[in-house]
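Colleague: Keeping their order, the protein sequence lines are chains A and B.
Every letter in the first sequence is one number past the one before it in the working numbering, and letter 15, counting from 1, is 15.
For the working numbering, add 1000 to where a residue sits in the second sequence, where the first one is 1.
Supplied in structure tokens, the structure appears directly below.
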Amino acid sequence: MQITLSHFRLAGLAVSTGTDTRDYIKDGLAHGINLAHLERVAKTIGLKERKVASPGVTALDLCEDATRRLLAAMDIDVSTIDAIIFVTQTPDHSQPNNACLLHGRLGLAKSSIAFDLSLGCSGWVYGLHQAGLLCAHGGAGRVLLCSGDTLSRLTHPQDQSMDPLFGDAGSAAIVERTGTHTPWYFVLGSDGKLSTTIKVPAGGARLPASSETRVESKDSNGNVHHAENLMMDGAEVFNFSLREVPAAINTVIKNAQWNLAEVDALVLHQANKFIIENIATKCGLKSAHVPSNLVEKYGNQSSASIPAAMIDGLEEKLASRSQKIVGCGFGVGLSWAAFASEIGPVITCPIQPYPLK
Amino acid sequence: MSLTFESYLQALQKEVDVLVGVSPDAPLSGLPQWDSLAILLVMSHFEQTYKMTITGQEIRQCKTIRELIQLIPQS
């Protein structure tokens, strides 16, 4: 789907991460993996450290912290928020949704609406598209867009092919209605035939969690997992990413009538350095700033990674002036969503762990 | 002008470190580091250099470097 929207802006961004630091090399050595292999993976994929949530801390808590810091920095009264959109696949409960829980915690007005979007790594851009629609056509003046997951809890600690990849984080963004026509170009898509490529098989209504779904199996490389763990076909995800993401990015740039050389920054979902560099090369975006090092600091932060990459890589530029930014999220579904717009100035809060030690 | 087998081999070994110094006909299954990361590196090399998409399965079915290079349509 392609759509051009206007009359809204991205006004603020904040991200809170887990507090506990995991070190890729140290953890790998503790699991009996040899140093040469760990260093080879670390260099190619871009793994170093990641931040995971402390016991009892959920994506809702991380997003609440990011929201409270952002509202304070922007001096926004909660009574002016007309809607909360919460993007997550690791909600506190199957019912009620995280957005209503956050609505209650923040004390929003009863006239404001609250709903979740069940999406992962593509989800922030889907949330932005929905927030933009609410502002442009849906009666909202100000929308709080939260996104985040605790994916580190879904991997088996003895699965060295999956466990070292993921961190935990929650983001908050403020999207506001404006009187200006600055356009936002979106391309969104799904490929449900590839739904098993990234999957948590058990724990939902189809296959409820039980002692049977926690029976462990070991693959030929010695990695342990069970049916309640996150599973991923890395080679298939790689091909999917290089097939769909550059095409979506080049379409939004074409629709915006920009030259490749005009693009100030390409902000991709921070899956890993290897995939980001492959996508950027295929897009032909050589001169644009392409943040690719978030994974080595935080791990794959799911739907919080694009806001984190914007804060980490573009904070100063975003604060001072408008930037031509292209972004794309891609992942579980499988689904993807790209945008291009002139963004800024944006108020940002530094990426910070929650709770602070 | 078509490239020689040797030039395909050199390009592949430049991108996929675990294949350096390995004979084109030696079994890949004997290499300790012929793993999922090595397969991703081959996929990335083929995609970026020859604009071709192959599946992980197709690479796993190759028993030698020579068979990998035979996947390239121009070779």
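Glycine residues also receive a C-beta, built at the ideal position from the N, C-alpha and C atoms.
This one's a predicted model, so the numbers in the text were calculated from it and none came from an experiment.
1) Please look up how many angstroms separate the CB atoms of alanine 337 of chain A and leucine 188 of chain A, rounded, as I've assumed it's under 8 angstroms.
2) Which two residues bound the contiguous beta strand (DSSP E) that contains arginine 22 of chain A?
3) I need the boundaries of the beta strand (DSSP E) containing phenylalanine 186 of chain A, first residue and last residue.
4) Against chain A, does isoleucine 1065 of chain B count as a neighbour if the rule is that its beta carbon must be under 8 angstroms from one of theirs?
5) Which runs of the beta strand (DSSP E), 3 residues or longer, sit entirely within the region 241-300 of chain A?
6) Taking Cβ to Cβ, would you say alanine 53 of chain A is nearer than 8 angstroms to serine 152 of chain A?
7) Could one say the Cβ of glycine 1021 of chain B lies closer than 8 angstroms to chain A's Cβ atoms, at least one of them?
8) Taking only runs of the alpha helix (DSSP H) that begin and end inside the region 55-85 of chain A, which ones reach a length of at least 4 residues, in chain order?
9) Can we say the region 313-321 of chain A touches the region 67-78 of chain A, given the rule of at least three CB pairs closer than 8 angstroms?
10) Note down, one range per segment and in chain order, each alpha helix (DSSP H) of at least 4 residues found wholly within the region 98-165 of chain A.
11) Taking only beta-carbon positions, decide if asparagine 278 of chain A is within less than 8 angstroms of chain B.
12) Note down, in chain order, all residues in the region 30-42 of chain A with a beta-carbon under 8 angstroms from any beta-carbon belonging to chain B.
13) Do you know how far the Cα of alanine 227 of chain A is from the Cα of alanine 66 of chain A?
14) Methionine 1001 of chain B CB to nearest chain A CB: under 8 angstroms?
15) Could you run through the region 1012-1036 of chain B and flag, in chain order, every residue whose CB is less than 9 angstroms away from some CB of chain A?
16) Taking alanine 1011 of chain B as part of the alpha helix (DSSP H), name the residues at either end of that continuous run.
17) Measuring only between beta-carbons, confirm whether methionine 1052 of chain B sits less than 8 angstroms from chain A.
18) For methionine 1001 of chain B, I'd like the list of residues in its chain whose CB is within less than 7 angstroms of its CB, leaving aside the five on either flank, ordered along the chain.
19) With a threshold of 7 angstroms on Cβ separation, who are the neighbours of lysine 282 of chain A within its own chain once the five nearest residues in sequence on each side are excluded?
20) Once DSSP output is grouped into helix, strand and coil, what is the label at methionine 1001 of chain B?
21) Alpha carbon to alpha carbon, how far is threonine 1049 of chain B from valine 1042 of chain B? Give it in angstroms, no decimals.
22) CB glycine 120 of chain A to CB valine 252 of chain A, shorter than 8 angstroms?
23) On the criterion of 16 or more Cβ atoms from any shown chain inside 10 Å, does glycine 18 of chain A qualify as buried, or is it exposed?
24) Touch check for the region 1002-1013 of chain B and the region 208-225 of chain A: three-plus C-beta pairs under 8 angstroms?
25) What does a CB cutoff of less than 7 angstroms around leucine 145 of chain A pick up in its chain, not counting 5 residues either side in sequence?
26) Would you say the region 158-166 of chain A touches the region 87-104 of chain A, given that touching needs at least three Cβ pairs under 8 angstroms?
27) For the region 286-312 of chain A, enumerate the residues whose C-beta is nearer than 9 angstroms to any C-beta of chain B, in chain order.
28) Is it right to say asparagine 229 of chain A is buried, meaning 16 or more other beta carbons lie within 10 angstroms of its own, or is it exposed?
29) Give the residues of chain B in contact with alanine 256 of chain A, contact being defined as C-beta atoms less than 9 angstroms apart.
30) Taking only beta-carbon positions, decide if threonine 1055 of chain B is within less than 8 angstroms of chain A.
31) Do you know whose CA, among A/Thr348, A/Lys286, A/Gly329 and A/Val326, lies nearest glutamate 316 of chain A's CA?
32) Could you tell me whether the region 163-170 of chain A touches the region 17-33 of chain A, where touching means 3 or more Cβ pairs closer than 8 angstroms?
33) Would you grab the beta carbon distance between tyrosine 185 of chain A and phenylalanine 8 of chain A for me? Rounded to a whole angstrom, and I think it's under 8 angstroms.
Modeller: Put simply:
1) For the purposes of this step, residue 337 of chain A is taken as residue 337 along the first sequence, with counting starting at 1. For the purposes of this step, residue 188 of chain A is taken as residue 188 along the first sequence, with counting starting at 1. Contact between alanine 337 of chain A and leucine 188 of chain A holds, with the beta-carbon distance rounding to 4 angstroms and staying under 8 angstroms.
2) Within the first sequence, numbered from 1, the residue matching residue 22 of chain A stands at position 22. Its beta strand (DSSP E) spans residues 20-23.
3) The sequence position of residue 186 of chain A within the first sequence is 186, counting from 1. 184-190 is the extent of the beta strand (DSSP E) around phenylalanine 186 of chain A.
4) As a first step, residue 1065 of chain B is located in the second sequence; it is residue number 65 there, counting from the start. Judged by the 8 angstroms Cβ criterion, isoleucine 1065 of chain B is not in contact with chain A.
5) Segments of the beta strand (DSSP E) lying fully in the region 241-300 of chain A: 265-268.
6) Walking along the first sequence from the start, residue 53 of chain A turns up at place 53. Walking along the first sequence from the start, residue 152 of chain A turns up at place 152. Against a cut-off of 8 angstroms, the Cβ pair of serine 152 of chain A and alanine 53 of chain A comes out as a contact.
7) Along the second sequence, read from residue 1 onward, the residue named residue 1021 of chain B stands at position 21. For glycine 1021 of chain B, the answer is no, since every Cβ of chain A falls outside 8 angstroms of its Cβ.
8) Taking only runs of at least 4 residues, the alpha helix (DSSP H) segments lying wholly in the region 55-85 of chain A are 59-74.
9) Output reads no: the region 67-78 of chain A does not touch the region 313-321 of chain A.
10) Look at the region 98-165 of chain A and you find these whole runs of alpha helix (DSSP H), each 4 residues long or longer: 98-106 and 123-137.
11) Position 278 of the first sequence, counted from the first residue, corresponds to residue 278 of chain A. At least one C-beta of chain B is nearer than 8 angstroms to the C-beta of asparagine 278 of chain A.
12) Those would be His37, Arg40 and Val41, in chain order.
13) Here residue 66 of chain A corresponds to residue number 66 of the first sequence, with the count starting at 1. Here residue 227 of chain A corresponds to residue number 227 of the first sequence, with the count starting at 1. If I take the Cα positions, the gap works out to 32 angstroms.
14) For the purposes of this step, residue 1001 of chain B is identified with residue 1 of the second sequence, where counting begins at 1. Note that methionine 1001 of chain B scores 43 on pLDDT, short of 50, meaning its location in the model is unreliable and no value can be drawn from it.
15) Taking 9 angstroms as the Cβ-Cβ cut-off against chain A, the residues of the region 1012-1036 of chain B that qualify are Asp1017, Val1018, Pro1032, Gln1033, Asp1035 and Ser1036.
16) Along the second sequence, read from residue 1 onward, the residue named residue 1011 of chain B stands at position 11. Counting along the chain, the alpha helix (DSSP H) containing alanine 1011 of chain B begins and ends at 1005-1015.
17) Looking up residue 1052 of chain B in the second sequence gives position 52. Methionine 1052 of chain B does not count as touching chain A.
18) As a working note, residue 1001 of chain B is residue 1 in the second sequence. Note that methionine 1001 of chain B has pLDDT 43, beneath the 50 cutoff, so the model's placement of it is unreliable and the number below is only indicative. Short of 7 angstroms from the beta carbon of methionine 1001 of chain B, and not among the five residues preceding or following it, lies no beta carbon of its own chain.
19) In the first sequence, counting from the first residue as 1, residue 282 of chain A sits at position 282. Within its own chain, the residues whose Cβ lies closer than 7 angstroms to the Cβ of lysine 282 of chain A, once the five positions on either side in sequence are excluded, are Leu242 and Pro246, listed in chain order.
20) Taking the second sequence and counting its residues from 1, one reaches residue 1001 of chain B at position 1. Here the model assigns methionine 1001 of chain B a pLDDT of 43, short of 50, so the residue's position is not dependable, and the following value carries that caveat. Reduced to three states, the DSSP call for methionine 1001 of chain B is coil.
21) As a position in the second sequence, residue 1042 of chain B is number 42, starting the count at 1. As a position in the second sequence, residue 1049 of chain B is number 49, starting the count at 1. A direct Cα-Cα distance of roughly 10 angstroms separates valine 1042 of chain B from threonine 1049 of chain B.
22) Residue numbering aside, residue 120 of chain A sits at position 120 when the first sequence is read from its first letter. Residue numbering aside, residue 252 of chain A sits at position 252 when the first sequence is read from its first letter. Not closer than 8 angstroms, so no.
23) As a first step, residue 18 of chain A is located in the first sequence; it is residue number 18 there, counting from the start. By the Cβ-count criterion, glycine 18 of chain A is buried, with 16 or more other Cβ atoms from all chains shown falling within 10 Å of its own Cβ.
24) At 8 angstroms Cβ cutoff, the stretches do not touch.
25) Taking the first residue of the first sequence as position 1, residue 145 of chain A is located at position 145. Hits under 7 angstroms: Ile85, Gly127, Leu128, Ala131, Ala173 and Val175.
26) With the cut-off at 8 angstroms, the region 158-166 of chain A and the region 87-104 of chain A do not touch.
27) Those would be none; no residue qualifies.
28) Position 229 of the first sequence, counting from 1, holds the residue named residue 229 of chain A. By the neighbour-count rule (16 or more Cβ atoms within 10 Å), asparagine 229 of chain A is buried.
29) As a working note, residue 256 of chain A is residue 256 in the first sequence. Correct list: empty, because the minimum Cβ distance to chain B is about 25 angstroms.
30) For this step, residue 1055 of chain B is matched to residue 55 along the second sequence. By this cut-off, threonine 1055 of chain B is an interface position.
31) One-based indexing of the first sequence puts residue 316 of chain A at position 316. The shortest Cα separation from glutamate 316 of chain A among A/Thr348, A/Lys286, A/Gly329 and A/Val326 belongs to A/Thr348.
32) Flag = yes, the region 163-170 of chain A and the region 17-33 of chain A touch.
33) Position 185 of the first sequence holds residue 185 of chain A. Position 8 of the first sequence holds residue 8 of chain A. Contact doesn't hold; Cβ gap of about 13 angstroms is too wide.
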